[in-house]
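Visitor: Note that the working numbering has the sequence shown beginning at 822, numbered continuously upward.
Before I ask anything, here is the structure I am working with.
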Amino acid sequence: MLRPVFASVLGASLVLGGCRSCDAPSGGAADAAPAGPTMPAGMLLPNDNDAPSAAAPLIASELQIAHHVKGGAFTELQVARPGDRADRRDFEHWRDDSSFVSLAAMTLLHEPFARALPGFDLFLPRLFAGEALAKLASELDAFAARTQGDIAAAAREIATLARATSAKGSALWVLGL
């Protein structure tokens with residue numbers, strides 16, 4: 822029941838100007854455009870135009886990768902089991918060997934994930950394997966190069982995880998909220 826409501830809200834936000842790639846000049850490189858719609862500003866976090874009381878400043882720890890987390894608003898990055906397929910839906914969450922990305926950081930990093938895996942959805946389990954995993958590392962490196970601070974460090978840490986996972990012949994699950 823919630824999925825149609827979410828889809829209509831997302832559709833309305835895109836129609837009302839949430840897609841940055843629609844406003845961008847068309848003279849850029851073909852691979853510069855996101856693989857799908859970008860996260861509309863303020864969808865998960867308040868934007869700068871919201872009332873000051875609604876837009877609390879982010880603290881540095883919200884933009885850092887966490888480990889040994891056992892609950893909260895985090896996206897879990899979990900190394901896949903051998904033979905995992907994208908249609909798997911049974912997961913052991915909050916594993917000690919997982920990395921955790923806060924909702925604040927994941928909102929900022931949504932576009933590199935969406936560029937790396939067309940159809941990426943923050944709210945559904947997504948498997949990054951092979952070329953998608955290499956593309957994720959590349960997109961996160963590019964994001965880190967044009968940003969700074971804790972979010973750039975987080976992007977580099979996830980890119981390193983993606984490369985290490987790929988080098989071992991494994992895949993990486995992104996388990997959303």
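Every residue gets a Cβ at the ideal spot worked out from N, C-alpha and C, and that includes glycine.
1. Quick one, which of 948, 980, 916 and 992 has its alpha-carbon nearest residue 891's?
2. Taking DSSP as the reference, what is the three-state secondary structure of residue 887?
3. Can you name the start and end residues of the alpha helix (DSSP H) that residue 941 belongs to?
4. Using beta-carbon positions only, say whether residue 961 and residue 976 come within less than 8 angstroms of one another.
5. Would you check if the distance between the CB atom of residue 898 and the CB atom of residue 993 is smaller than 8 angstroms?
6. In terms of residues, what are the limits of the beta strand (DSSP E) holding residue 954?
7. Have a look at residue 989 and residue 951 and give me their C-alpha separation to the nearest angstrom.
8. Please name the residue or residues paired with residue 895 in a DSSP beta bridge.
9. Please report the Cβ distance between residue 907 and residue 991, rounded to the nearest whole angstrom; I am assuming they are in contact, meaning their Cβ atoms lie under 8 angstroms.
10. From the DSSP output, in three-state form, read off residue 982 for me.
11. For residue 948, which residues from the same chain have a beta carbon less than 7 angstroms from its beta carbon, with the 5 sequence-adjacent residues on both sides left out?
Guide: Taking the geometry as given:
1. 916
2. strand
3. Unbroken run through residue 941: none, as it is neither H nor E.
4. yes
5. yes
6. Run containing residue 954: none in the beta strand (DSSP E); it sits in the alpha helix (DSSP H), 951 to 967.
7. 11 angstroms
8. 923
9. With a Cβ gap of about 14 angstroms, residue 907 and residue 991 do not count as contacting.
10. helix
11. 901, 905, 907, 992 and 994
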